[in-house]
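Student: Pasting a structure here, questions to come.
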Amino acid sequence: MSSRLRIALTKGRLQDKSVELFERAGLDCSPIRNPGRRLIHALPNYPLDAVLAKGPDVITYVEHGVCDLGVVGKDTILEKGGSFYEVLDLGFGKCRFALAVPRGSDFYGTYKTRRIASKYPAVTRAFFEKKGMDVEIIKIEGSVELAPLVGLADGIVDVVETGATLKANDLIPIEDVATISARLIVNTASMKLYKEQIFDFIQKCEGLL
Ligand code: PRP
3 MSSRLRIALT
13 KGRLQDKSVE
23 LFERAGLDCS
33 PIRNPGRRLI
43 HALPNYPLDA
53 VLAKGPDVIT
63 YVEHGVCDLG
73 VVGKDTILEK
83 GGSFYEVLDL
93 GFGKCRFALA
103 VPRGSDFYGT
113 YKTRRIASKY
123 PAVTRAFFEK
133 KGMDVEIIKI
143 EGSVELAPLV
153 GLADGIVDVV
163 ETGATLKAND
173 LIPIEDVATI
183 SARLIVNTAS
193 MKLYKEQIFD
203 FIQKCEGLL
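In this note's numbering, the protein residues as written are 3 to 211.
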């Protein structure tokens with residue numbers, strides 16, 4: 003059976019890198035390059051429709067089977083979890099989760115419960131649980147680096163790419179939590195139903211990595 007597959011792409015930085023990879027694989031991605039306000043884009047020379055969504059929503063669409071495939075950061079996968087196949091490390095969007103603290107502070111040198119600000123509370127909880135360390139986690143929606151600067155937290159767990167944001171705010175990364183890059187994910191039922199088509203797509207990408 004031949005039908006069109008649907009892929010959910012994470013909007014923003016990963017979207018551009020995904021398009022670059024797919025174009026190198028010979029897919030005409032011109033509709034995604036000029037998306038306008040349109041949210042579903044049919045690729046003209048390959049049986050694939052692309053939708054653009056926020057990272058956590060990419061996982062939701064793939065889990066529910068309304069998208070067969072997705073491109074999403076490992077950071078989002080670690081935070082949200084879910085039931086799907088993670089089939090390929092796409093090699094772009096490379097960064098890391100790190101624990102960072104204000105310069106000069108002795109993070110481990112106290113018995114009082116430390117407060118950690120993060121956009122990723124589940125990742126943060128798992129990291130400190132593994133250490134057997136009791137911390138208070140405060141969920142922040144963005145610019146997490148601000149929290150220790152204004153005295154809300156003793157440290158942050160956040161995505162570090164170049165390290166420029168930490169440096170500009172006098173924060174020092176003291177421990178790596180996990181490495182991150184973009185992943186190709188597949189709905190579990192689609193993998194069985196459209197095995198050949200999905201394998202063809204995976205191979206196209208894999209051959210370029
Ligand atoms: C991310 C992350 C850091 C910054 C890291 O934030 O949360 O703040 O990028 O990048 P760097 O190491 O290259 O400086 P983003 O730009 O996504 O914005 P946000 O903080 O508002 O979520």
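Positions of the beta carbon are idealized from the N, C-alpha and C atoms, including for glycine.
1. If the criterion is Cβ atoms closer than 8 Å, does the pair F109 and I176 meet it?
2. Could you tell me which uninterrupted alpha helix (DSSP H) segments, each at least 4 residues in length, are contained entirely in the stretch 104-181, listed from first to last along the chain?
3. Tell me the start and end of each unbroken alpha helix (DSSP H) in the stretch 11-40 that is at least 4 residues and wholly inside, in chain order.
4. Excluding the five sequence neighbours on either side, which residues of its own chain have a C-beta within less than 6 Å of the C-beta of C31, listed in chain order?
5. In terms of residues, what are the limits of the alpha helix (DSSP H) holding L210?
6. Does D70 come out as helix, strand or coil in the three-state DSSP assignment?
7. So the candidates are K132, K206, K121 and E163; which of them puts its Cα closest to the Cα of A149?
8. Grouping DSSP H, G and I as helix and E and B as strand, with all else coil, what is L45?
9. Assess contact between the stretch 151-170 and the stretch 81-99, defined as three or more Cβ pairs (one per stretch) separated by less than 8 Å. Is contact present?
10. Terminal residues of the continuous beta strand (DSSP E) containing Y87?
11. Which one of R6, P37 and L7 has the shortest CA to CA distance from D18?
Tutor: On the basis of the supplied data:
1. Translated into positions along the sequence shown, residue 109 becomes position 107. Translated into positions along the sequence shown, residue 176 becomes position 174. Their beta carbons are under 8 Å apart, which means F109 touches I176 by this criterion.
2. 123-133, 148-151 and 166-170
3. 15-26 and 32-35
4. Numbered from 1 along the sequence shown, position 29 holds the residue referred to as residue 31. Closer than 6 Å at the Cβ level, and outside the excluded window around C31, lie V21, F24 and E25.
5. For the purposes of this step, residue 210 is identified with residue 208 of the sequence shown, where counting begins at 1. Segment: none, L210 is in no alpha helix (DSSP H) and carries neither H nor E.
6. As a first step, residue 70 is located in the sequence shown; it is residue number 68 there, counting from the start. Residue state, collapsed to three classes: coil.
7. Counting from one through the sequence shown, the residue named residue 149 turns up at place 147. For A149, the nearest C-alpha among the options comes from K121.
8. Start at 1 with the first residue of the sequence shown, and residue 45 comes out as number 43. Coil at L45, not helix or strand.
9. yes
10. Locating residue 87 in the sequence shown gives position 85, where the first residue counts as 1. From DSSP, the beta strand (DSSP E) with Y87 extends over Y87 to D91.
11. Translated into the one-based positions of the sequence shown, residue 18 becomes position 16. Comparing Cα positions, the closest option is P37.
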